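A.B. asks:
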Amino acid sequence: MTHKLTQAGADDFYEALLDAHLGLSNEQSALLNARLILLMAQEIGDAKLLVELIAAARQTSELT
Amino acid sequence: MQTRFTETAYTNGYEFTSGAGYALPEYPFVEPPEIRNGAIRRHPIVIVGGGITGLTLACSLARLGVAAVLFDEDNTVGVKGASSRGICYTQKSLEIFHRLGIYERIARRGIQWSVGRTFAGNEEIYSFDLKQQGGFNLSSQPPFINIQQFYIEGFLVERIAELGGIDLRWKSRVTGFEQNDAIAKLTVDTPAGSYRLEAEHVIDATGSHTPFHQWTGATAQTRKGDDRWCIADVRFSTHPPTERHTWIEAPFNENRAVWQHLMADDVWRIDYQMAPGADPAYVSREDVVRERLRRQFGPEVAVEIVWVGPYAYRSICLDQLRHGRVFFMGDTAKVVSPFGARGGNTGIADADNLAWKLAAVQRGWAAPTLLETYNDERLEAAQQNVLVTNRTARFLRPADGMERVFRTAAIGLAKQHRGSQPTVYAAARQYINTGRMAIANPYTRSPACDGTGGLSVQNARFHWAVSGRNQASTGTVNDLLQWAQGRLLLLVFGELSAQTAARLQILSQSSPLRAVQVVGTDGQAQAREHVRDPQGHVQAACHVFGHAWALLRPDGYVAATGEAVDGGVIAAIERSLGLLQGAHA
Numbered sequence: 001m002t003h004k005l006t007q008a009g010a011d012d013f014y015e016a017l018l019d020a021h022l023g024l025s026n027e028q029s030a031l032l033n034a035r036l037i038l039l040m041a042q043e044i045g046d047a048k049l050l051v052e053l054i055a056a057a058r059q060t061s062e063l064t
Numbered sequence: 065m066q067t068r069f070t071e072t073a074y075t076n077g078y079e080f081t082s083g084a085g086y087a088l089p090e091y092p093f094v095e096p097p098e099i100r101n102g103a104i105r106r107h108p109i110v111i112v113g114g115g116i117t118g119l120t121l122a123c124s125l126a127r128l129g130v131a132a133v134l135f136d137e138d139n140t141v142g143v144k145g146a147s148s149r150g151i152c153y154t155q156k157s158l159e160i161f162h163r164l165g166i167y168e169r170i171a172r173r174g175i176q177w178s179v180g181r182t183f184a185g186n187e188e189i190y191s192f193d194l195k196q197q198g199g200f201n202l203s204s205q206p207p208f209i210n211i212q213q214f215y216i217e218g219f220l221v222e223r224i225a226e227l228g229g230i231d232l233r234w235k236s237r238v239t240g241f242e243q244n245d246a247i248a249k250l251t252v253d254t255p256a257g258s259y260r261l262e263a264e265h266v267i268d269a270t271g272s273h274t275p276f277h278q279w280t281g282a283t284a285q286t287r288k289g290d291d292r293w294c295i296a297d298v299r300f301s302t303h304p305p306t307e308r309h310t311w312i313e314a315p316f317n318e319n320r321a322v323w324q325h326l327m328a329d330d331v332w333r334i335d336y337q338m339a340p341g342a343d344p345a346y347v348s349r350e351d352v353v354r355e356r357l358r359r360q361f362g363p364e365v366a367v368e369i370v371w372v373g374p375y376a377y378r379s380i381c382l383d384q385l386r387h388g389r390v391f392f393m394g395d396t397a398k399v400v401s402p403f404g405a406r407g408g409n410t411g412i413a414d415a416d417n418l419a420w421k422l423a424a425v426q427r428g429w430a431a432p433t434l435l436e437t438y439n440d441e442r443l444e445a446a447q448q449n450v451l452v453t454n455r456t457a458r459f460l461r462p463a464d465g466m467e468r469v470f471r472t473a474a475i476g477l478a479k480q481h482r483g484s485q486p487t488v489y490a491a492a493r494q495y496i497n498t499g500r501m502a503i504a505n506p507y508t509r510s511p512a513c514d515g516t517g518g519l520s521v522q523n524a525r526f527h528w529a530v531s532g533r534n535q536a537s538t539g540t541v542n543d544l545l546q547w548a549q550g551r552l553l554l555l556v557f558g559e560l561s562a563q564t565a566a567r568l569q570i571l572s573q574s575s576p577l578r579a580v581q582v583v584g585t586d587g588q589a590q591a592r593e594h595v596r597d598p599q600g601h602v603q604a605a606c607h608v609f610g611h612a613w614a615l616l617r618p619d620g621y622v623a624a625t626g627e628a629v630d631g632g633v634i635a636a637i638e639r640s641l642g643l644l645q646g647a648h649a
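Chains as they are written, first to last, in my numbering: chain A, 1 to 64; chain B, 65 to 649.
1) Roughly how many angstroms separate the alpha carbons of Gly428(B) and Ala122(B), rounded to a whole number?
2) Just to make sure I have the definition right: I need the residues of chain B whose C-beta is within less than 8 Å of the C-beta of Arg58(A). Which are they?
3) Any C-beta of chain A within less than 8 Å: which residues of the stretch 456-488 of chain B qualify?
4) Give the single residue among Arg333(B), Asn201(B), Lys421(B) and Ile116(B) whose Cα lies nearest to the Cα of Tyr215(B).
5) Between the Cα of Pro576(B) and the Cα atoms of Asp464(B), Ala430(B) and Cys152(B), which residue gives the shortest distance?
6) Pick helix, strand or coil for Val530(B), following the three-state DSSP scheme.
7) Tyr167(B) bridges to which residues according to DSSP?
8) Would a C-beta distance cut-off of 8 Å place Ala457(B) and Gln384(B) closer than the cut-off?
9) Got a sec: is the Cβ-Cβ distance from Val629(B) to anything in chain A below 8 Å?
10) Taking the continuous alpha helix (DSSP H) assigned at Ile570(B), which residues delimit it?
11) Which runs of the beta strand (DSSP E) at least 3 residues long sit entirely within the stretch 486-530 of chain B? Give them in chain order.
12) Going along chain B in order, which residues have a C-beta closer than 7 Å to the C-beta of Ala34(A)?
13) To the nearest whole angstrom, what separates the beta carbons of Asn409(B) and Arg455(B), a pair I think is in contact under 8 Å?
14) Go ahead and pull the three-state DSSP assignment for Glu355(B).
15) Under 8 Å, do Ala296(B) and Trp311(B) count as touching if we go by C-beta distance?
16) Might you give, ordered along the chain, the residues of its own chain that have their beta carbon closer than 6 Å to the beta carbon of Gly199(B), omitting 5 neighbours on each side?
17) Check the Cβ-Cβ distances between Gln28(A) and every residue of chain B, and say whether any is below 8 Å.
18) Distance, Cα to Cα, Ile292(B) vs Phe459(B)?
19) Here's a check: name, in chain order, each residue in its chain whose Cβ is nearer than 6 Å to the Cβ of Ile151(B), leaving out the five neighbours to either side.
20) Can you confirm whether Leu68(A), when its beta carbon is compared against all beta carbons of chain B, has any partner nearer than 8 Å?
21) Where DSSP assigns a beta bridge to Gln176(B), which residues make up the other side?
22) For Tyr167(B), would you say it is in contact with chain A, using Cβ-to-Cβ distances shorter than 8 Å as the test?
23) Considering only their Cβ atoms, is the gap separating Ile503(B) from Thr120(B) smaller than 8 Å?
24) Given this structure, state the Cα-to-Cα distance separating Arg299(B) from Lys4(A), to the nearest angstrom.
25) Assuming Leu615(B) and Ser640(B) make a contact with CB atoms under 8 Å, what is their CB distance in whole Å?
26) Taking the alpha helix (DSSP H) that Ser640(B) falls in, what are its first and last residues?
27) Roughly how many angstroms lie between the CA atoms of Thr625(B) and Gly185(B), to the nearest whole one?
28) Between which two residues does the alpha helix (DSSP H) containing Glu441(B) stretch?
29) Which residues in chain A have a C-beta closer than 7 Å to the C-beta of Ala184(B)? List them in chain order.
30) For Leu39(A), report the span of its alpha helix (DSSP H) as first-last.
31) With 8 Å set as the bound, which would you pick, yes or no: does the beta-carbon of Ala504(B) sit closer than that to a beta-carbon of chain A?
32) Quick check on Ser147(B): buried or exposed, where buried means 16 or more other Cβ atoms within 10 Å of its Cβ?
33) Hey, how far is the Cα of Val34(B) from the Cα of Ser301(B)?
34) Would you mind stating whether Ile224(B) and Ala131(B) have Cβ atoms separated by less than 8 Å?
35) Which partner residues of Ile111(B) appear in the DSSP bridge assignment?
36) Evaluate Leu656(B) with the Cβ neighbour count: other Cβ atoms within 10 Å of its Cβ, from every protein chain shown; 16 or more gives buried, anything less gives exposed.
Okay, here's the thing in structure tokens:
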């Protein structure tokens, strides 16, 4: 990716993400996450990178 | 032979049960001489199965002047009790039928459409007009025509009789098969008894219930789901618009999917998604079907039910489309869910792909290895179509849990876009998948195609170069392919040097090739065979620009393109005919 988040930008995003989930049930949170992922994928716009990101996210012992 | 079709009453046709929504034409059984004289004849080409795929192959061979025998276990087109199958034919299929000489018949009878709309609940969330899309507008055929499959099959039978050279044997079921490296032996059962014959090439187009998979040891990748659908082909007292309408979540079908599509004779196909694992006998009962239609169209609309057919979605894809002397095509090669018209149209293209190769090998123009490229090219197409349709099936029947959450998310985003919300939602409708319409599949890994080729050429119009006339008459790419009569067609764009013109003449004389120079309105033609392409449509259809050449195969695919008419052209010709040593990796 050419546009990496700055430290401050990452902090802003992380907090906004948590705030967006405040007061939601687990089901509502799941829907919010799904909507966000679908919108973000459109903005990233690089199918190969998206598949790599999915694989990277899946790669942890907690998901086996 | 003039085919007549008359309609009859409602039928609850399931699989191969009796009854028919249409009275289909019947063809006579003629007792073959082999039964009396016991002779075992050897045929170069035997086609098994007289559906749309087998008949397209037979008609293509007839047009190329190649003899073949075709066996069909029935004595009619369509399947008795299930006479309405495919309804939607792509531009590529229509271009093939144009070459075969039945396009006019199809266009007269069928319905053109280009607009599709997708709804969720009561809201339209997505629409397209294929006429506005660049990929369709060069051809002299429309993006799609809808027509009942058996009409096309009937036209093909008529056309095969007109062309001659094909031995259509009705009421002939192949019941035995064995093969070695050189020859296949078949046993055929008929009402007058059974007989045996030999074949150099057997093409299996019998459909998904074929016995040839077992006979040849063919293996396949199969996927089955719990998704159940029920088709109702109906005629109304009111007329819905001539558009493809799809509901992902239809309020009148318990929020499950519904398809609505017009075909010939004012008959509409309404395809309802049923509850998972639903009982086919129940969902296709007349009172149950009528209740569904009432919920959709209201109690006041009079509905005549022409045909009903419940089915389960599944996919099957063979691992290899050739086993010894046997080639698999149509539904014997792959079975897909009917999203995006990727079933029957793929079979038509399978047939068109193999026909010219069989003809070229039989004439000695091409090496027998060319037949291997049928597998390379059409297996890629089959796998692609299975992949695409399975994705649609998954969107329409998401697994409980996160799959359904993602679909709810996608539909919600697409709805917000329609509600004039910020443009961030606009792109989200791309996730809405009610079927990606079939295209002429590209060949990216064929040994017979260069990296610059493997793409289909639209049937674009040009002006015939007739001197002394003010009004130019138009021809199409198909006219040139027809003139080439199964040879390759080399189109060279722009003005030629004397040396190039001479080279083209030598090439045409020394290889199975016809060459045509294509010039603009004011360009000077150096070759005797030339046409004018004032708007550059032929050139655009060949996917080239400026001074260039394109090598077209008889199936309307580009084998290769290039700039200079040099040794590269010769290599491309040899490669496209399977003559290059080691070309088949």
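All residues carry an ideal CB built from backbone N, CA and C; glycine is no exception. The structure presented is a predicted model; accordingly, all values stated were derived computationally and were not measured.
C.D. replies: Here's the rundown:
1) 20 Å
2) Ordered by position in chain B, no residue passes the 8 Å Cβ test against Arg58(A), which lies about 13 Å from the chain.
3) Met466, Val469, Phe470, Thr472, Ala473, Ala474, Gly476, Leu477 and Val488
4) Ile116(B)
5) Ala430(B)
6) coil
7) Answer is none; Tyr167(B) lacks a bridge partner.
8) no
9) no
10) Ala562 to Ser574
11) 525-528
12) Val469, Phe470 and Ala473
13) No, Asn409(B) and Arg455(B) are not in contact; Cβ-Cβ is about 18 Å, not under 8 Å.
14) helix
15) no
16) none
17) no
18) The question names Ile, but residue 292(B) is Arg in the sequence shown. Whole-angstrom Cα-Cα distance: 14 Å.
19) Asn210, Met327 and Arg333
20) Because chain A in this structure spans residues 1 to 64, residue 68(A) falls outside the shown range and cannot be described.
21) Ile209(B)
22) no
23) no
24) 59 Å
25) 6 Å
26) Gly631 to Ser640
27) 49 Å
28) Glu436 to Leu460
29) What Ala184(B) touches in chain A: nothing, since even the nearest Cβ is about 15 Å away.
30) Asn26 to Ile44
31) no
32) Because Ser147(B) sits at a pLDDT of 49, beneath the cut-off of 50, its placement in the model cannot be relied upon, and the following sentence gives the value as read from the coordinates. With 16 or more Cβ atoms within 10 Å of its Cβ, Ser147(B) is classed as buried.
33) Outside the shown range of chain B, which is 65 to 649, sits residue 34(B), and nothing can be said about it.
34) no
35) Leu134(B) and Ile267(B)
36) With chain B covering 65 to 649 only, the question about residue 656(B) has no answer from this structure.
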